[in-house]
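Student:
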Amino acid sequence: MKRSELLSRILITAGMLLAVGTPLFFWTRTPLIHARMADNGGWNPDVIQAEVGKPLHLRLTSDDVMHGFSVGQMKIDAVDVEPGKVTDVTLSFDKPGIYKFFCTRWCGINHWRMRGTIEVSGPGANPEPAPTIPLYVTLGFDLDAPHESPVIPSNQPSAIRGQQLAANLEISKFSNPDFYRTNSPYQLFEALSSTNLSDLEKWDVVSYIWQSNTTPEALTNGRDLYAQNCAACHGENGGGDGVFADDLAKAGEASMQSMTGATDMLMQTPVDFTDSKRILGAAPALLQGKILRGGMGTGMPMWGSIFTEEQIWDLVAYLYSFQFDYQGEAQ
Amino acid sequence: MTKIELTRNTSIKNALISRYPQLAVFVVMLMGYIFAILAGLVGTPVGSHNFSIVFVWIAWWAILILVAVPFFGRGWCAVCPIPLPGEWLQRGAVLNPPDKKPKWFNLRWPKALRNIWLQNISFLLLALFSSVLLTTPNITGIVLAGMLFAAIGLSTVFERRAFCRYLCPVGGFIGLYSQTAPIELRIKDKRVCATCEGKPCYNGSTNGYGCPWDVFPGGLTKNTYCGLCMECLRTCPHDNIAVNMRPFSADLAKPSTRMDEAFKAFIMLGSAMIYAGVLLGPWGVLKDAAYNVGTSTWFIYAAVFLSTIFLVMPSFFALCVTRFENLNIFKKRFAMLSSALIPLGLMFWVAFSLSFVLTNASYILASLSDPLGLGWNLFGTAQTTWQPMLTSILAPGQTLALVGGLIWSSRTAQKAANEAKVSAIPVIGYCLIVTAVMLWLLL
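Residue numbers (this note's numbering), protein chains in the order written: chain A, 1 to 331; chain B, 1 to 443.
1. Short check: CB of Pro255 of chain B to CB of Glu419 of chain B, under 8 Å?
2. Could you work out which residues of chain E lie near Met31 of chain B, taking near to mean beta carbons separated by less than 8 Å?
3. Go to Thr182 of chain A, then tell me how far its alpha helix (DSSP H) extends in each direction, as first and last residue.
4. The alpha helix (DSSP H) spanning Lys277 of chain A covers which residue range?
5. Identify the contact partners of Pro45 of chain B in chain A, using a Cβ-Cβ distance below 7 Å as the criterion.
6. Is the Cβ of Met265 of chain A closer than 8 Å to any Cβ of chain B?
7. Excluding the five sequence neighbours on either side, which residues of its own chain have a C-beta within less than 6 Å of the C-beta of Gly238 of chain A, listed in chain order?
8. Kindly indicate which residue of A:Arg115, A:Pro45, A:Val120 and A:Pro185 has the alpha-carbon position closest to the one of Asp94 of chain A.
9. Please decide whether Ala361 of chain B counts as near chain A, where near means a Cβ-Cβ distance under 8 Å.
10. By the criterion of Cβ-Cβ separation under 8 Å, what are the contact partners of Gly375 of chain B in chain A?
11. For Met302 of chain A, collect the residues of the same chain with a Cβ closer than 8 Å to its Cβ; drop the 5 residues on either side in sequence, then sort them by chain order.
12. For Leu372 of chain B, decide whether its Cβ has a neighbour in chain A, counting only Cβ atoms nearer than 8 Å.
13. My assumption, with CB atoms under 8 Å, is that Val65 of chain A sits in contact with Pro123 of chain A. Please give the rounded CB distance.
14. Do you know how far the Cα of Pro371 of chain B is from the Cα of Cys179 of chain B?
15. Are the beta-carbon atoms belonging to Leu154 of chain B and Tyr33 of chain B less than 8 Å from one another?
16. Specify the secondary structure class of Trp213 of chain B as computed by DSSP and reduced to three states.
17. Assign Thr385 of chain B to one of two classes, buried (16 or more other C-beta atoms within 10 Å of its C-beta) or exposed (fewer than that).
18. Looking at Ala35 of chain A and Ala13 of chain A, is the spacing between their C-beta atoms short of 8 Å?
19. According to the neighbour-count rule (16 or more other Cβ atoms, all chains shown, within 10 Å of its Cβ), is His57 of chain A buried or exposed?
20. Tyr136 of chain A and Leu286 of chain A: beta carbons closer than 8 Å?
21. Under 6 Å Cβ to Cβ from Glu159 of chain B, same chain only, skipping five residues before and after it: list those, please.
22. In terms of residue numbering, what span does the alpha helix (DSSP H) encompassing Leu165 of chain A cover?
23. Please state whether DSSP places Tyr326 of chain A in a helix, a strand or coil.
24. Measuring alpha carbon to alpha carbon, tell me which residue in B:Ser392, B:Met313, B:Val422 and B:Leu84 is nearest Thr435 of chain B.
25. Residues of chain A with CB under 7 Å from Leu95 of chain B, in chain order?
26. My guess is that Pro23 of chain A and Val42 of chain B are in contact by the Cβ rule of under 8 Å, so how many angstroms apart are they, rounded?
27. Can we say the segment 360 to 376 of chain B touches the segment 79 to 86 of chain A, given the rule of at least three CB pairs closer than 8 Å?
28. To be precise: take each residue of the segment 12 to 27 of chain B, compare its Cβ to all Cβ atoms of chain A, and keep it if any distance is under 9 Å. Which residues remain?
29. Between which residues of its own chain and Gly41 of chain A is the CB-CB distance below 7 Å, once the five residues before and five after are set aside?
30. Label Gly140 of chain A either buried or exposed according to how many other C-beta atoms from any shown protein chain fall within 10 Å of its C-beta, with 16 as the threshold for buried.
31. Based on DSSP bridge pairs, tell me the residues matched to Gln49 of chain A.
32. Quick check on Thr28 of chain A: buried or exposed, where buried means 16 or more other Cβ atoms within 10 Å of its Cβ?
33. Can a CB atom of chain B be found closer than 8 Å to the CB of Gly261 of chain A?
34. Could you tell me if Gly108 of chain A is buried or exposed, where buried requires 16 or more neighbouring beta carbons within 10 angstroms of its beta carbon?
35. Return the CA-CA distance between Arg113 of chain A and Ala290 of chain B, expressed in angstroms with no decimal places.
36. Using a cut-off of 7 Å between C-beta atoms, extract the partners of Ile139 of chain B located in chain A.
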């Protein structure tokens, strides 16, 4: 064989090997965490190992649409995970435990299913601290039982008017957090039946007492959490008409064709927080329980591993602002 | 304008005869091709950030349809890497012919398939799946790999470049439109070929291989099936091969009478119009139907696509053949007149491609720095944001292409009508109507 022929063959072979080997080499050495819409697999991998005190470097990429990344119950800013691009994130854990990471962008009807786990091991406190029993469990609330208020106000109750009316009432027993968290607005309305107030005035006082159990900062925090995590289904104005509401209703209809009937369809429809009967009949502990536990198959996610307890109470306080006129507060 | 023989220039001729410049380009192209396959298979599934989609369907396509085909005809085929591995196996060498050839089957391509119907079918197969193919890297990777392996397989069974000549979905339309290109490879003197012993340009010699495209250069009258591989330039013992510059669409002065080529013109013209509607139009229903392969709406889309190309457009065009004597003459006239659609189809594709190439060209910079979507930034351009380019020239450019194509086709129609002995006016009217539709679709 001529030398030129040999060299040419070597050149072609080397070129082909280089073209095959280069992408394979770098592909196998670049571990990425892939984000896909939940219907297409969610996070991959969805379980990540880490050690206390050692920085955890993550390289995130989206295989379809814009996603976001954050870790529940940690003070980190959410980052965007863009299609075809790589986002670098470095996390640090100071105690062992199971942490949940989740998507922070409304990527699809099953956006909330996009969750994964970071298992952090190493020296530190007991990774499983004694669990706190949620208030709704202590109180024995049945989260799935109807809890409608038999009476609703004719106009939106005003906290400012309520404050003026409350000045002449003995309300100290209603103003403490224990009463607020364990009773529904309707129960307080009933408790005010011995007063000479008209129905609307009683609702105004309820509105004031509900406002006095929160702070402007908590309401602002609750509003931000709601906008980021809840509005996609429940709607920006709480009307149960978020961008995914129609899709959820369709999913409910589809399930009716196949499985458990009409109740599924109803359950798939996001709750309308402007529905006075429903919200004024719900105690904060009950709403806290729903957020903590989720809707058990209704499409309502479980947020207990994502939000801190304080965040959940802030969110609960904000939900009542769809019923009450907290003038001047975050709405 | 008369022809200018480029190969009179010794430097050009030597560069074309030497195998090394071509081999160097082949190697680079083959590396890029294989890289595109791998990128499609292991890179990000996001098409706009994957080398396979961005460099094949945006960069390569832009070069092919806006530059290579209009100005160099089958110039792309001269450097296309797909036949290289198969030809190496078939020939047993990558440079000059070896003393001992490998013993492959070396069969003649079946006579019944010696036309471009298979190329028409392979193009339509890709066209029907194009919404998925053009956006899904792993599908692109599989299709590119499939073409490479098909070329290798056919090289071991059949003689010459059977894949390029009879099966390549791209080669079919390049051949059709290469008739309009201002470049050609032809013999200088027919008498020399007539008396040439052994016909080494077709049968090969120690200097080179017999025509890989199964063409006898002595009979070349049009560009359609000449792959500009330059083997005949190497093998001709009489220095009777020339590469010429010539006027645009010189081949169309003598229009083809073949129905496979006539339908190729309809396939290309119709596809450009359907793509303009589906890929660039505002109709989400059409996009969904084209994308959701296998669904009932996709089957409807496929049926409409195929019936538009094979029934509606040719049926109306058949009305242009104003004289009917017998079926054979009718078919001959139909095919001859359809040559008027060749410049128009090319300009339809130019206008359509301008739109999506200028819209998506900014992806090239990002993909250049991060071809696999692994977070690289090789040239500092990975973060380039998507932005349509040269938007101010898009509509004027497309209008110019379409109106220019209409004028060009009208002139071609006059020549074809003279040959077919019918009036050119119906053909010009047909071209006018489809151009108006295309203008409406694009603008």
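Glycine included, C-beta positions come from ideal geometry on N, C-alpha and C.
Tutor: Considering the structure as presented:
1. yes
2. Looking at the structure shown, chain E is missing, and the protein chains on hand are A and B.
3. Pro177 to Thr182
4. Ser276 to Leu280
5. By Cβ distance, chain A contributes Asp63.
6. Because Met265 of chain A carries a pLDDT of 44, less than 50, the predicted location of this residue cannot be relied on, and the following value inherits that uncertainty. Not an interface residue.
7. Phe273, Thr274 and Phe322
8. A:Val120
9. no
10. The contacting residues are Thr30, Leu32, Arg59, Thr61, Lys85, Val86 and Asp88.
11. The beta carbon of Met302 of chain A sits closer than 8 Å to those of Leu292, Arg293 and Gly294, all from its chain and outside the five residues before and after it, given in chain order.
12. yes
13. In fact, because the Cβ distance is near 40 Å, the residues do not count as touching under 8 Å.
14. Cys is not the amino acid found at residue 179 of chain B; the sequence shown has Gln there. The C-alpha of Pro371 of chain B is placed about 35 Å away from the C-alpha of Gln179 of chain B.
15. no
16. coil
17. exposed
18. With the sequence shown as reference, residue 13 of chain A is identified as Thr, and Ala is not the correct amino acid for it. No, Cβ-Cβ distance for Thr13 of chain A and Ala35 of chain A is not below 8 Å.
19. exposed
20. yes
21. Asn106
22. Where Leu165 of chain A is concerned, the enclosing alpha helix (DSSP H) stretches over Ala159 to Ala166.
23. coil
24. Ranking the options by Cα distance to Thr435 of chain B, first place goes to B:Met313.
25. Annotation: Cβ neighbours of Leu95 of chain B in chain A (cutoff 7 Å, chain order): Ser4, Glu5 and Ser8.
26. 6 Å
27. yes
28. Those would be Arg19, Tyr20, Leu23, Ala24, Phe26 and Val27, in chain order.
29. none
30. exposed
31. DSSP lists A:Glu119 as partners of Gln49 of chain A.
32. That one is exposed.
33. Low local confidence applies: a pLDDT of 46 at Gly261 of chain A is under 50, so the model's placement there is unreliable, with the coordinate-based value given in what follows. By this cut-off, Gly261 of chain A is not an interface position.
34. buried
35. 30 Å
36. Going along chain A, no residue has its Cβ under 7 Å from Ile139 of chain B, so there is no contact; the nearest lies around 15 Å.
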